[in-house]
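Encoded structure:
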């Protein structure tokens, strides 16, 4: 496991946590994870990867089959959810429809037996914090999706928890609002110094919001890293393909030397790559190259660089970039992205070109 | 006004002028829309028309007619038209029976009623208000033909045999001036023609009845000499002749004749009752339905031993409420469980909930009899366990307890189904959210889940309460004397006592009660909050 973290400042800790619903298969397999105080950590993964289960175990709605979950150094496995003091934002907000916005916010304070004056003040402050001060008397049904989202956020924060969990909170919003809310949530979390565990299957959300991202698949954290590292240095083929757009080529490793390896593709062409996760010489590998790192007909690669023959299949104009689909080494879905510059050539379908890349942008991963 | 603006200002379509919005052809948009929607509406109406007509004809109309019987009272004024008129000036408070005129009117009325066999029906009707009137009318009907009024007949025909000829009567009674001279006789003659027609006889061949001579005697005695002298109609000479010698005839007191048949005809109470119920519409049935009665001296309480309906209404309400609350208590947890189980399991359990629906109501009710009776299963078990003594077995059937138990069981699905359908729509995340916000299980349920299930409770309560308030079969079978409902009494009046007016009044009160409760419920819970799933 590459779940590493500064153990000294760990606020949330999963230690060897396993979860099974049916006693036959493990949904979460041997999870070790620590989240530092004030950190914004995102659990990212396809559905069924175990990320929501982890969140529910942390919130207390699911019990861990094995292992220990600690909050602030204290084991919380057997503490019921309402005593954990963790704020939570649900996928569909779960605002109580029979209460007004102010009553919704006041609810967690009431159950904590906080006096009325303090309650009102805190509710007002929380509403102002999400710029919804004027909406206290409304019912949730009278609010737009974005407004409901803000109220749900305010409600999760109003009782000043140290840890806030968010379960795909932006899933129901349209793209523009989602981007805006991403920004607001991150700002709020950082300004208040709250530790946040955020679950999403949207990689853009994960990359733009998080301090660190834990990519889940098959009940295992595939990689835990800051966004840039995750994107640029995926540790295995799942992460490489799951995060961002990615071109893959199949081949076998011919030679590994000096931090470089030579890979013979299945159609016989040879390229250079960075050996990141290869079993050894002669073994199968999967080559991963980001579309924007591919050069076309370029001499900037140097004379000894390997280049590949490619045929243009499709050219898509996307405004800020051009997206060109090529056939490379038998792969019809090889995509390159080029910036829309005045001097940029627009490739026409049927055109034969030479493509290449810097060897450090090309990662040889597990097949 | 809106159209006037449109005509004079002729604003361009969609202009922001103060006038109405116009469609592209200049017609106000509202009118265009209405026209466009009319076809839709007609189509919708056509779709429901068959059912609507069927219900109107076969259901609503009979019910309205039935409810109308609760105030209808035409039988008195139709059977005794002359008596009702003659009684108008009589004062019950005087404590004295009415005068001879009233008896004379009653005589003619009853002769016709007896011939038409309507006097017994009137007797039964008035018997609801005063016991004994029915037999009085029956007895009088038998005696009316044997009264001593044939003395008049003999005397007048002796004076002039022509009065025995139907032709004489037909000639006289055909004339307007004669009818004006002899009003009572004219009125009696119209009865006579009806009687003859009803017997399929020929009026020209039938000997005139005794009562015609009685009225002729009374009219001729009362006629002023001037009127007689001025009479120029048919048989003028014969009429004047009879009038001149009428004083020689010994008068017969009709009052005495009636008293001979039955002394009760001197009872002011009888006359008071007839007078009180002479209007075409009466509040009498409604008063009876709430244990009051209309007496000649005004509205009074029923005697204590006859008070039953207020008690029954109260009992019906109380037991319906008890059934409703036990349905909530038993149904809510079941619905909660059903809604929180996976669909496959909940479907199986739902079938168990619906199972009673597939069993006959009688079978279920009888099953409760078997279980609850004193020699029944439950008592046997309790005795075997030593909880109750063998000679002191619990009485659990044929009383309120048995009715409540059996009806709760029968009506439970009507509570569970709406509850279930509402609870199914409450996402479990609400409970989780409440708990994550720090609420205990109970607080989360009570503050978050329960308020959202209220529409289901409301729907279930309305269904169960309204069904039980009008329930008939189960209370009839297991209610005994203390567990019967008002509906059992209505059924009794419909099929046994045949007092349909009272049954209609009771039914109307029940209907109004339900509507009133519905209104109160709407004010408190809000009918929009009711969800039948």
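Protein chains in written order, with this note's numbering: chain F, 295 to 661; chain S, 4 to 536. We put the CB at the ideal spot given by N, CA and C, even for glycine. Please read all numbers here as calculations on a predicted model, not as lab measurements.
Asked                                                                                                                                     : Found
Whole runs of the beta strand (DSSP E) within the stretch 65 to 96 of chain S, excluding any shorter than 3 residues                      : none
Selection of the stretch 435 to 447 of chain S by Cβ proximity to chain F, strictly under 9 Å                                             : 435, 436, 437, 438, 439, 440, 441, 442, 443, 444, 446, 447
Chain-ordered neighbours of residue 449(F) on chain S, where CB pairs are closer than 9 Å                                                 : 436, 440
Per DSSP, cross-strand counterpart(s) of residue 545(F)                                                                                   : 559(F), 579(F)
Bridge-paired residues (DSSP) for residue 25(S)                                                                                           : 31(S)
Enclosing beta strand (DSSP E) for residue 392(F) [first to last residue]                                                                 : From DSSP, residue 392(F) is part of no beta strand (DSSP E); its letter is neither H nor E.
Cβ of residue 384(F) within 8 Å of any chain S Cβ                                                                                         : yes
8 Å Cβ cutoff met for residue 315(S) and residue 476(S)                                                                                   : no
Near-chain S residues of the stretch 508 to 523 of chain F - C-beta to any C-beta below 9 Å                                               : none
Per-residue contacts from residue 451(S) into chain F (C-beta, under 7 Å)                                                                 : 390
Best match in 42(S), 51(S), 480(S), 72(S) for proximity to residue 289(S) [C-alpha to C-alpha]                                            : 72(S)
Contacts around residue 280(S), its chain only, beta-carbon distance under 7 Å, and the 5 residues preceding and following it disregarded : 76, 79, 129, 132, 287
Spatially closest choice to residue 566(S) from 205(S), 465(S), 452(S), by CA coordinates                                                 : The question about residue 566(S) has no answer here: the residues shown for chain S are numbered 4 through 536.
Alpha-carbon to alpha-carbon, residue 273(S) and residue 300(S)                                                                           : 12 Å
Under 7 Å by beta carbon: chain F residues contacting residue 454(S)                                                                      : 392
Positions along the stretch 403 to 415 of chain F whose CB lies within less than 7 Å of some CB in chain S                                : 405, 406
CB-CB length for residue 349(F) against residue 461(F), believed under 8 Å                                                                : 6 Å
CB contact check: residue 298(F) to chain S, cutoff 8 Å                                                                                   : Its pLDDT being 44, under 50, residue 298(F) is placed unreliably by the model, and the measurement read from it follows with that caveat. Chain S, which has no Cβ nearer than 8 Å to the Cβ of residue 298(F), makes this no.
Where residue 433(S) meets chain F, residues with beta-carbon distance less than 8 Å                                                      : 388, 390
Element boundaries [alpha helix (DSSP H), containing residue 198(S)]                                                                      : 186 to 201
Beta-carbon spacing of residue 524(F), residue 547(F) below 8 Å                                                                           : no
Separation of residue 659(F) from residue 335(F), as counted between CA atoms                                                             : 25 Å
Exposure label - residue 126(S); buried when at least 16 CB within 10 Å                                                                   : buried
Residue 239(S) to residue 191(S) span [Cα, whole Å]                                                                                       : 20 Å
Beta-carbon proximity check, residue 255(S) vs residue 155(S), cutoff 8 Å                                                                 : yes
Residue(s) in a DSSP beta bridge with residue 491(F)                                                                                      : 335(F), 459(F)
Every unbroken alpha helix (DSSP H) inside the stretch 319 to 402 of chain S [4 residues or more]                                         : 346 to 357, 364 to 375, 380 to 388
Pair within 8 Å by beta-carbon distance, residue 509(S) and residue 416(S)                                                                : no
Through-space distance from residue 351(S) to residue 429(S), alpha-carbon basis                                                          : 21 Å
First and last residue of the uninterrupted alpha helix (DSSP H) at residue 350(F)                                                        : 345 to 353
9 Å Cβ cut-off: residues of chain S touching residue 355(F)                                                                               : 435, 438, 439
Within 8 Å, strictly: CB atoms of residue 515(F) and residue 327(F)                                                                       : yes
According to DSSP, residues forming a beta bridge with residue 657(F)                                                                     : 568(F), 582(F)
Beta-carbon separation (whole angstroms), residue 471(S) vs residue 326(S), contact threshold 8 Å                                         : 5 Å
Chain S contact residues for residue 375(F), given Cβ-Cβ distances below 8 Å                                                              : 435, 438, 439
Opening and closing residue of the alpha helix (DSSP H) in which residue 141(S) lies                                                      : 136 to 146
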